[in-house]
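A.B. asks:
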Amino acid sequence: MYSVPLPVANKSPIANLDTDVLVDILSHLHPLDLLTVRQTCQSLSRLTYTRSLWVNAVKTSIPQAPALGATNPLSSLQTSELEQLALRPYRFSKNIIQPKPQVKAVKVLSCPHEENVYSRLHKLLPGGRWLLRADNKGSLKLFNLHGDASQLECVSEMIIDGEISDMQTQVHPSGDTAAILVCSLNRLDAPPHPERMTVVTLDLSQPTPAFQETTSYPFVDDFGRIQCGTIHGDLVATTSVNGSVLIWNWAEDSWVEIVDAGRRARHADLRVKFTGEDCVTTFDMMGGHGKTYPIPPLHPRQGDQRPQQVMIQPQGKPIGRSGGFFSSMIPSPENTEVAILASARQLAFISPSIGESGDKNFDISLQIPWTRSYLSSAHKAITGKTIDGSLVVMINSSSQQGEPLEIHVLPENGSKGTSLFDVPLPWIVPPTGPAAWKVAMCPFAGTVCMINPDGDVHVFDFAL
908 MYSVPLPVAN
918 KSPIANLDTD
928 VLVDILSHLH
938 PLDLLTVRQT
948 CQSLSRLTYT
958 RSLWVNAVKT
968 SIPQAPALGA
978 TNPLSSLQTS
988 ELEQLALRPY
998 RFSKNIIQPK
1008 PQVKAVKVLS
1018 CPHEENVYSR
1028 LHKLLPGGRW
1038 LLRADNKGSL
1048 KLFNLHGDAS
1058 QLECVSEMII
1068 DGEISDMQTQ
1078 VHPSGDTAAI
1088 LVCSLNRLDA
1098 PPHPERMTVV
1108 TLDLSQPTPA
1118 FQETTSYPFV
1128 DDFGRIQCGT
1138 IHGDLVATTS
1148 VNGSVLIWNW
1158 AEDSWVEIVD
1168 AGRRARHADL
1178 RVKFTGEDCV
1188 TTFDMMGGHG
1198 KTYPIPPLHP
1208 RQGDQRPQQV
1218 MIQPQGKPIG
1228 RSGGFFSSMI
1238 PSPENTEVAI
1248 LASARQLAFI
1258 SPSIGESGDK
1268 NFDISLQIPW
1278 TRSYLSSAHK
1288 AITGKTIDGS
1298 LVVMINSSSQ
1308 QGEPLEIHVL
1318 PENGSKGTSL
1328 FDVPLPWIVP
1338 PTGPAAWKVA
1348 MCPFAGTVCM
1358 INPDGDVHVF
1368 DFAL
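Residue numbering for the sequence shown follows my numbering, starting at 908 and increasing by one per position.
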């Protein structure tokens, strides 16, 4: 009896290529596609563990890769750590739209007690390592969340003249520098002084970043209470209750003040957002209007003189279907046109659109009714942008013990958004007392922090 040999499958031509050529081909794939290739055959699977592939994946697929590389020096990471770093943004983006997102408690970092000091504002910089905090005494502090100690490690501190009322951050495209715009107010326990706007930078390429004040300007008294705007490249925008918009190039120390030619009356609460390379949009919280202004040429600053005023006729119409006036604006991430406004009844995502006559309109793309009082929600919200461009809003909305989160996601493609209410958190140390916790988030690291009034930080991992 004779055995019949089985036919041998044709060997794929790709198997004849040199290893270096195959690695070069794989370097052009998306990080998730590398995982798919890993499931095909043993030879290709072994290649997907090549270190250079995952270094390249981090650098090419993540918009804030330079900042991530500075936060987590790539040269010191193992291949498995590089793989996790490249995949975490995608896992976070997928996890937060699930009906029950997976959450892991990582650590609790206690803050050394400081008499009569409470934390006001927090920002988690790209990479999830550096937590920026502004307190009621005018102190800016940078904390390291990746340390081994059980207490927060303050690596840099700067004192701002006055009580910090608002703060915005922006990491430059190079990823080497974080620019911080700080607005400070008069302090009751200090001699009277004008309100001040200060731009501070952090060199993220250094193992221990240090604050450096770039420029500062004291406003004259008739500017009223200034509102912190947005940093866009080298441009800074702020608004004041007199209805004007101040545009400032902090790198060149040049600026201009835009005055609305159509309405010069005082505004009760005006907020500003960049919506393009050459324009800004303001939202009148009391009037329900959105207006767009082109940015005129900026002029060099001369001492402490007022910036040159330019009268501009804005484009824009009232925000449609608002169902009442908006009360506050939640700062939304850079490189997105969507503004997030809050009223006593709802949270609304506002997107600009061009009308038939070429005018810019403002439409509500997503409305979310508050499940609790807006006063305990809008002022404790934080926003971020995922790797796929979706806009994420996390809100600590509870007034009870347990501190659940609300998570709202607006996809970039304009499809229907997702809202999750009362997402439970696996606390290591359960919170006590009424809700007064702040939220900080880094979508590209998948890290979310909850900070109590004493400054203690609970770190959670959402990139699961």
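Ideal Cβ placement from N, Cα and C applies to all residues, glycine included.
The structure displayed is predicted, hence computed values, not measured ones.
Anyone know if the C-beta pair for Ala1370 and Lys1030 falls short of 8 Å?
C.D. replies: On the sequence shown, residue 1370 is found 463 positions in, with the first residue counted as 1. On the sequence shown, residue 1030 is found 123 positions in, with the first residue counted as 1. Not closer than 8 Å, so no.
A.B. asks: Bridge partners of Cys1018, per DSSP?
C.D. replies: Position 111 of the sequence shown, counting from 1, holds the residue named residue 1018. In DSSP, Cys1018 forms no bridge with anything.
A.B. asks: Beta-carbon separation of Pro1350 and Val1299 under 8 Å?
C.D. replies: Numbered from 1 along the sequence shown, position 443 holds the residue referred to as residue 1350. Numbered from 1 along the sequence shown, position 392 holds the residue referred to as residue 1299. Cβ atoms of Pro1350 and Val1299: closer than 8 Å.
A.B. asks: Nearest CA to the CA of Gln1253: which residue from Ile1237, Tyr997, Ile1261?
C.D. replies: Your numbering for residue 1253 matches position 346 in the sequence shown. Per the Cα distances, Ile1237.
A.B. asks: Hey, how far is the Cα of Gly1140 from the Cα of His1079?
C.D. replies: Against the sequence shown, residue 1140 aligns to sequence position 233. Against the sequence shown, residue 1079 aligns to sequence position 172. Looking at the two C-alpha atoms, the distance is approximately 6 Å.
A.B. asks: Alpha carbon to alpha carbon, what distance is there between Glu1159 and Pro1311?
C.D. replies: By 1-based counting over the sequence shown, the position of residue 1311 is 404. By 1-based counting over the sequence shown, the position of residue 1159 is 252. If I take the Cα positions, the gap works out to 44 Å.
A.B. asks: My understanding is that Ala1012 touches Trp1344, with C-beta atoms under 8 Å, so please give their C-beta distance in whole angstroms.
C.D. replies: Taking the sequence shown and counting its residues from 1, one reaches residue 1012 at position 105. Taking the sequence shown and counting its residues from 1, one reaches residue 1344 at position 437. The Cβ separation is near 14 Å, so there is no contact.
A.B. asks: Checking contacts by CB at 8 Å: is Arg953 closer than that to chain B?
C.D. replies: Among the chains in the structure shown there is no chain B, since it carries only a single protein chain.
A.B. asks: Which word fits Cys948, buried or exposed, when buried means at least 16 other C-beta atoms lie within 10 angstroms of its C-beta?
C.D. replies: Taking the sequence shown and counting its residues from 1, the one referred to as residue 948 is at position 41. Cys948 comes out exposed.
A.B. asks: Please determine, among Gln1274, Thr967, Trp961, Ser1234, the residue with the shortest C-alpha to C-alpha distance to Leu1177.
C.D. replies: If you number the sequence shown from 1, residue 1177 lands on position 270. Ranking the options by Cα distance to Leu1177, first place goes to Ser1234.
A.B. asks: Nearest by alpha-carbon distance to Leu1059: which of Ile1067, Glu1021, Thr1076 is it?
C.D. replies: Mapped onto the sequence shown, residue 1059 falls at position 152. Measuring from the Cα of Leu1059, the nearest candidate turns out to be Glu1021.
A.B. asks: Would you mind giving the Cβ-Cβ distance between Pro1008 and Leu1327, rounded to the nearest angstrom? I have them listed as a contact below 8 Å.
C.D. replies: In the sequence shown, residue 1008 corresponds to position 101, counting from 1. In the sequence shown, residue 1327 corresponds to position 420, counting from 1. Their Cβ separation, rounded to whole angstroms, is 7 Å, which keeps Pro1008 and Leu1327 in contact under 8 Å.
A.B. asks: Using alpha carbons as the reference points, say which of Thr1137, Ala1352, Pro1276 lies closest to Phe1367.
C.D. replies: Looking up residue 1367 in the sequence shown gives position 460. Here the closest residue by C-alpha is Ala1352.
A.B. asks: Can you tell which of Cys1090, Asp1055, Cys1061 has the C-alpha that lies nearest to the C-alpha of Gly1069?
C.D. replies: As a working mapping, residue 1069 is identified with position 162 in the sequence shown. Among Cys1090, Asp1055, Cys1061, the Cα nearest to that of Gly1069 is on Cys1090.
A.B. asks: Please classify Trp961: does DSSP put it in a helix, a strand, or coil?
C.D. replies: Counting from one through the sequence shown, the residue named residue 961 turns up at place 54. DSSP places Trp961 in helix when its eight states are reduced to three.
A.B. asks: Output needed for Val1355: all residues of its chain with C-beta closer than 6 Å, excluding positions within five of it in sequence on either side, in chain order.
C.D. replies: For the purposes of this step, residue 1355 is identified with residue 448 of the sequence shown, where counting begins at 1. Result list for Val1355: Met1348, Phe1367, Phe1369, in chain order.
A.B. asks: Would you mind stating whether Thr1199 and Lys1267 have Cβ atoms separated by less than 8 Å?
C.D. replies: By 1-based counting over the sequence shown, the position of residue 1199 is 292. By 1-based counting over the sequence shown, the position of residue 1267 is 360. Yes, Cβ-Cβ distance for Thr1199 and Lys1267 is below 8 Å.
A.B. asks: Less than 8 Å between the CB atoms is what I'm expecting for Thr1189 and Thr1146, so what's the real figure, rounded?
C.D. replies: As a first step, residue 1189 must be located in the sequence shown, where it is residue number 282. As a first step, residue 1146 must be located in the sequence shown, where it is residue number 239. So it is a contact: roughly 6 Å between Cβ atoms.
A.B. asks: Given this structure, state the Cα-to-Cα distance separating His1365 from Ser1057, to the nearest angstrom.
C.D. replies: Within the sequence shown, the letter at position 458 stands for residue 1365. Within the sequence shown, the letter at position 150 stands for residue 1057. Answer to the nearest angstrom: the Cα atoms are 11 Å apart.
A.B. asks: Closest to Trp1037 by CA distance: which of Ile1004, Pro1276, Lys1048, Ile1202 is it?
C.D. replies: As a first step, residue 1037 must be located in the sequence shown, where it is residue number 130. Trp1037 has its Cα closest to that of Lys1048, out of Ile1004, Pro1276, Lys1048, Ile1202.
A.B. asks: The alpha helix (DSSP H) with Pro1259 in it runs from where to where?
C.D. replies: On the sequence shown, position 352 is the one that residue 1259 refers to. From DSSP, Pro1259 is part of no alpha helix (DSSP H) but of the beta strand (DSSP E) over 1253-1261.
A.B. asks: Cα separation between Arg1187 and Phe1269?
C.D. replies: Within the sequence shown, the letter at position 280 stands for residue 1187. Within the sequence shown, the letter at position 362 stands for residue 1269. Before going on, a small fix: residue 1187 reads as Val here, not Arg. Near 13 Å, if we compare the C-alpha coordinates of Phe1269 and Val1187.
A.B. asks: List the endpoints of the continuous beta strand (DSSP E) containing Asn1051.
C.D. replies: Counting from 1 along the sequence shown, the entry for residue 1051 is found at position 144. Here the beta strand (DSSP E) through Asn1051 covers 1046-1051.
A.B. asks: What is the residue span of the beta strand (DSSP E) that Leu1142 lies within?
C.D. replies: Counting from one through the sequence shown, the residue named residue 1142 turns up at place 235. 1142-1146 is the extent of the beta strand (DSSP E) around Leu1142.
A.B. asks: Take the Cβ of Glu1263 as the centre, count every other Cβ of all protein chains shown within 10 Å, and call the residue buried at 16 or more, exposed below.
C.D. replies: If you number the sequence shown from 1, residue 1263 lands on position 356. Classification for Glu1263: exposed.
A.B. asks: Tell me whether His1315 is buried or exposed, calling it buried when 16 or more other Cβ atoms sit within 10 Å of its Cβ.
C.D. replies: Translated into positions along the sequence shown, residue 1315 becomes position 408. Looking at its Cβ environment, which holds 16 or more other Cβ atoms inside 10 Å, His1315 is buried.
A.B. asks: State the start and end residues of the unbroken beta strand (DSSP E) segment that holds Asp1110.
C.D. replies: Here the question's residue 1110 lines up with position 203 in the sequence shown. Asp1110 -> beta strand (DSSP E) spans 1103-1110.
A.B. asks: Helix, strand or coil: which one does DSSP assign to Ile1087?
C.D. replies: On the sequence shown, residue 1087 is found 180 positions in, with the first residue counted as 1. Three-state result, Ile1087: strand.
A.B. asks: I think Thr1121 touches Trp1157, with their Cβ atoms under 8 Å apart; what is that distance to the nearest whole Å?
C.D. replies: Locating residue 1121 in the sequence shown gives position 214, counting from the first residue. Locating residue 1157 in the sequence shown gives position 250, counting from the first residue. At roughly 6 Å, the Cβ-Cβ gap stays under 8 Å, so Thr1121 and Trp1157 are in contact.
A.B. asks: Measuring CA to CA, which of Glu1064, Glu988, Gln991, Val944 is closest to Leu1109?
C.D. replies: Against the sequence shown, residue 1109 aligns to sequence position 202. Ranking Glu1064, Glu988, Gln991, Val944 by Cα distance to Leu1109 puts Glu1064 first.
A.B. asks: In chain order, what residues of the same chain lie with their CB nearer than 6 Å to the CB of Phe1130, ignoring the 5 residues before and after it?
C.D. replies: The count along the sequence shown starts at 1 and reaches residue 1130 at position 223. Residue placement at Phe1130 is poorly supported in this model, since its pLDDT is 48, which falls under 50; the coordinates still yield a value, given next. The answer, listed in chain order, is Ser1147.
A.B. asks: Quick one: what does DSSP say Asn1359 is sitting in, helix, strand or coil?
C.D. replies: Within the sequence shown, the letter at position 452 stands for residue 1359. Asn1359 falls in the coil class under three-state DSSP.
A.B. asks: Leaving out five residues before and five after Pro1276 in sequence, what residues of the same chain have Cβ atoms less than 7 Å from its Cβ?
C.D. replies: Your numbering for residue 1276 matches position 369 in the sequence shown. Cβ within range, chain order: Arg1252, Gln1253.
A.B. asks: Might you give, ordered along the chain, the residues of its own chain that have their beta carbon closer than 7 Å to the beta carbon of Thr986, omitting 5 neighbours on each side?
C.D. replies: Your numbering for residue 986 matches position 79 in the sequence shown. Closer than 7 Å at Cβ, skipping near neighbours: Tyr956, Arg958, Trp961.
A.B. asks: Per DSSP, which one or two residues make a beta bridge with Cys948?
C.D. replies: As a first step, residue 948 is located in the sequence shown; it is residue number 41 there, counting from the start. In the DSSP output, where bridge partners are listed per residue, Cys948 has none listed.
A.B. asks: Would you mind sorting His1196 into buried or exposed? The rule is 16 or more other CB atoms within 10 Å of its CB.
C.D. replies: Looking up residue 1196 in the sequence shown gives position 289. Flag for His1196 reads buried.
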